[in-house]
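Input: a single structure, listed below in structure tokens.
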Amino acid sequence: MYFKYVIIGAGLAGLTMAERISSELNEKVLVIEKRDNIGGNCYDCYNDEGILIHKYGPHIFHTNHKEVWDYLSKFTKWNYYQHRVLTYIDGNYIQMPITTETINKLYNLNLSNDQIEKFLKDQSLDIKDIKNSEDVVLSKAGKEIYEKFFKNYTKKQWDVYPDELDKSVISRIPVRYNRDTRYFTDKYQGMPKHGYTKLCSNMINSNIHILLNTDYKDIIDSIEYETLIYTGQVDYYFNYKYGHLKYRSLNFDFETVDSDSYQDASVVNYPNDYDFTRITEFKKLTDQKCNKTTIVREYPTWDGEPYYPIPTDECNEQYSKYKSECNKLKKVIFLGRLAEYKYYNMDAVIKRVLDVFKDRISGK
Ligand code: FAD
Ligand code: UDP
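Structure follows, in structure tokens:
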């Protein structure tokens, strides 16, 4: 069997590359996927109650890259959803991230934006060299906010405290001296109108051949190719020669409740209570109308599917050994969250693929 391009993984990275090569270069592409569905971790499907759920955890699309938004908009219409999150602190549901509303609700105050700025700056620690995720919060909001909102959530999620995590992790969550309670402030935000799986299937054209239920190692020796695009785990590709990279996983506990609504926001975080990190109510993300509602609780674990690369110095160092092996291979391109061992959001994955396509494949 000969394909000029073979792609491992039918997640967003693999399918974006398959779409670009097949549409722009009019080449046939073989995509090999070990799961029985396309979409990777963005995969969504209807459950027995007819409610659209995200099988691998809640996915909300947001980006400041117009190029990425325009690209995906060729394959889906959007619900113009803007994400808002509550967090359960000391028995109250409070807006997350940290804004004027959060502080006023936490301390039962009625301060203005300027007063909140002063309040938070007074609490903040003067840390000159921000080295890790703990420093990020302490320097913006002080110890009490750190302990109530971040310390224990992070320990549950990553099994380490924020002082061991790269500063980029908690920097994802802003501190704002205003009343903008949205989780994200990106210019483009939304949910694909008919779901992510539908979006992904709209990317597939007649030049793309997809082989599901197949680990690429079982068949790759029987295929001739010029370029391999690999989006699976980088340590698996190299037979773990530098050891197993750590990935954090999740157990998802889905429940359908015989009630129109379960909670007051699509996502509620539980930093200090229970063993799960958050509860998502899908209908509130997708705007689906239904008498019942499905929720999912996320329990972090070390066993199971590899969902999160671990942003610690130790893991980054181990990955760098694999990275130098990747750089030596001219016929193989490593792309995406697992292959680049990077805590990418969906938009960053697509941006990366579009750039690599231009730089290394189309030559334009
Ligand atoms: P993946 O989706 O992991 O796809 C890789 C594919 O390769 C998989 O289908 C896998 O089965 C296949 N594969 C692996 N090994 C092999 C093999 N040996 N042979 C054949 N196939 C193989 N991003 C956002 O922007 N917003 C969010 O709200 C958001 N929420 C998230 C919530 C959770 C719980 C998680 C885990 C991630 C979230 N993300 C979110 C990130 C998003 O899922 C990723 O950015 C995106 O899915 C990465 O796409 P990918 O193609 O790189 O990887
Ligand atoms: N975080 C936290 N408390 C929260 C929300 C997030 O401590 O209420 C920290 C935690 O370390 C988390 C990181 O910020 O892993 C990034 O949060 P995000 O919501 O972006 O995580 P994701 O959706 O990728 O799981």
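Residues in the sequence shown are numbered from 348 upward in steps of one, following the working numbering.
Heads up, the beta-carbon is just placed ideally off N, CA and C, and yes, glycines get one too.
Predicted, not measured: the structure shown is a model, and the values here were computed from it.
* Is any heavy atom in the ligand UDP found nearer than 7 Å to the beta carbon of Asn388? -> Translated into positions along the sequence shown, residue 388 becomes position 41. Flag unset: Cβ of Asn388 not near the ligand UDP.
* Asked: Mapping DSSP to helix, strand and coil, what is Ser596?
  -> Locating residue 596 in the sequence shown gives position 249, where the first residue counts as 1. Three-state DSSP puts Ser596 in a strand.
* **Span separating the alpha-carbon of Lys514 from that of Asp565** => As a first step, residue 514 must be located in the sequence shown, where it is residue number 167. As a first step, residue 565 must be located in the sequence shown, where it is residue number 218. Answer to the nearest angstrom: the Cα atoms are 39 Å apart.
* To do: State yes or no: is the C-beta of Ile680 within less than 8 Å of the C-beta of Ile576?
  => Sequence index remark: in the sequence shown, residue 680 carries index 333 (1-based). Sequence index remark: in the sequence shown, residue 576 carries index 229 (1-based). The answer is yes: Cβ separation under 8 Å.
* Is it the case that the CB of Gln635 approaches a heavy atom of the ligand NAD more closely than 7 Å? -> The ligand NAD is absent from the structure shown, which contains only the ligand FAD and the ligand UDP.
* Asked: Rounded to a whole number of angstroms, what is the C-alpha to C-alpha distance between Ile626 and Lys698?
  -> Numbered from its first residue, the sequence shown carries residue 626 at position 279. Numbered from its first residue, the sequence shown carries residue 698 at position 351. The straight-line gap from Cα to Cα measures roughly 29 Å.
* Confirm, please, whether the CB-CB distance from Thr641 to Phe704 is below 8 Å. => Counted from its first residue, the sequence shown places residue 704 at position 357. Counted from its first residue, the sequence shown places residue 641 at position 294. No, they are not a contact pair.
* In three-state DSSP terms, what is Val484? -> Stepping through the sequence shown from its first residue, residue 484 is reached at position 137. Three-state DSSP puts Val484 in a helix.
* Asked: Is the Cβ-Cβ distance between Phe531 and Pro618 less than 8 Å?
  -> Stepping through the sequence shown from its first residue, residue 531 is reached at position 184. Stepping through the sequence shown from its first residue, residue 618 is reached at position 271. No.
* To do: Answer yes or no: do Ser613 and Glu628 have a C-beta to C-beta separation smaller than 8 Å?
  => The residue given as residue 613 occupies position 266 in the sequence shown. The residue given as residue 628 occupies position 281 in the sequence shown. Result yes, Cβ atoms of Ser613 and Glu628 sit closer than 8 Å.
* Would you grab the beta carbon distance between Val526 and Glu448 for me? Rounded to a whole angstrom, and I think it's under 8 Å. => Stepping through the sequence shown from its first residue, residue 526 is reached at position 179. Stepping through the sequence shown from its first residue, residue 448 is reached at position 101. Note that residue 526 is Arg in the sequence shown here, rather than Val. Indeed they touch by this definition, with Cβ atoms about 6 Å apart.
* **Pairwise C-alpha distance: Phe350 and Asp568** => For the purposes of this step, residue 568 is identified with residue 221 of the sequence shown, where counting begins at 1. For the purposes of this step, residue 350 is identified with residue 3 of the sequence shown, where counting begins at 1. Asp568 and Phe350: Cα-Cα distance of roughly 13 Å.
* **Contacting residues, own chain, Cβ-Cβ under 6 Å from Glu396 (five flanking each side not counted)** => One-based indexing of the sequence shown puts residue 396 at position 49. Closer than 6 Å at the Cβ level, and outside the excluded window around Glu396, lie Thr603 and Lys639.
* **Spatial distance of Gly386 from Leu485 (CA atoms)** => Locating residue 386 in the sequence shown gives position 39, counting from the first residue. Locating residue 485 in the sequence shown gives position 138, counting from the first residue. Roughly 38 Å between the two C-alpha positions.
* To do: Just list the beta strand (DSSP E) runs in the region 601-625, keeping only unbroken ones of 3 residues or longer that don't cross its boundaries, in chain order.
  => 614-616
* Is the region 681-688 touching the region 353-372 in the sense that three or more CB pairs, one from each, lie closer than 8 Å? -> yes
* Using 7 Å as the cut-off, classify the Cβ of Met538 as near or not near the heavy atoms of the ligand UDP, replying yes or no. => As a first step, residue 538 must be located in the sequence shown, where it is residue number 191. For the ligand UDP, not one heavy atom lies less than 7 Å from the Cβ of Met538.
* From this set, Ala357, Tyr508 and Tyr435, which residue's C-alpha is nearest Cys547's C-alpha? -> Mapped onto the sequence shown, residue 547 falls at position 200. Nearest of Ala357, Tyr508 and Tyr435 to Cys547, Cα basis: Ala357.
* Going by DSSP, what residues sit across from Pro647 in a beta bridge? -> Residue numbering aside, residue 647 sits at position 300 when the sequence shown is read from its first letter. According to DSSP, which records beta bridges pairwise, Pro647 is partnered with Leu597.
* Asked: Below 8 Å, can you find three or more Cβ-Cβ pairs linking the region 652-666 to the region 580-598?
  -> yes
* To do: Please state if the CB of Lys630 and the CB of Cys637 are separated by a distance shorter than 8 Å.
  => The count along the sequence shown starts at 1 and reaches residue 637 at position 290. The count along the sequence shown starts at 1 and reaches residue 630 at position 283. Yes; because the gap between Cβ atoms is below 8 Å, this pair is in contact.
* Just the C-alpha distance for His406 and Val700, rounded to the nearest angstrom, thanks. => Indexing the sequence shown from 1 puts residue 406 at position 59. Indexing the sequence shown from 1 puts residue 700 at position 353. Roughly 19 Å between the two C-alpha positions.
* Does DSSP put Gly489 in a helix, in a strand, or in coil? -> Counting from one through the sequence shown, the residue named residue 489 turns up at place 142. In this structure, Gly489 counts as helix in the three-state DSSP scheme.
* Less than 8 Å between the CB atoms is what I'm expecting for Tyr690 and Pro656, so what's the real figure, rounded? => Within the sequence shown, numbered from 1, the residue matching residue 690 stands at position 343. Within the sequence shown, numbered from 1, the residue matching residue 656 stands at position 309. Right, the Cβ-Cβ distance comes to about 6 Å (below 8 Å), so this counts as a contact.
* Given Arg436 as reference, the closest of Asp702, Asn499 and Gly710 once Cα atoms are compared -> In the sequence shown, the residue the question calls residue 436 occupies position 89. The sequence given here has Ile at residue 436, not Arg. It is Asn499.
* Asked: CB of Tyr621 to nearest heavy atom of the ligand UDP: below 7 Å?
  -> Taking the first residue of the sequence shown as 1, we reach residue 621 at position 274. The answer is no for Tyr621.
* Note down, in chain order, each residue of its chain lying with its Cβ closer than 7 Å to the Cβ of Lys402, except the 5 sequence neighbours on either side. => As a working note, residue 402 is residue 55 in the sequence shown. Tyr390, Asp391 and Cys392.
* Asked: Is Tyr418 helix, strand or coil by DSSP?
  -> By one-based count along the sequence shown, residue 418 stands at place 71. Helix at Tyr418.
* Taking Cβ positions, are Asn549 and Thr434 nearer each other than 8 Å? -> On the sequence shown, position 202 is the one that residue 549 refers to. On the sequence shown, position 87 is the one that residue 434 refers to. Contact flag unset, no.
* To do: Compute every distance between the C-beta of Arg431 and the non-hydrogen atoms of the ligand UDP, then say whether any falls below 7 Å.
  => As a working note, residue 431 is residue 84 in the sequence shown. It does not: the Cβ of Arg431 is nowhere closer than 7 Å to a heavy atom of the ligand UDP.
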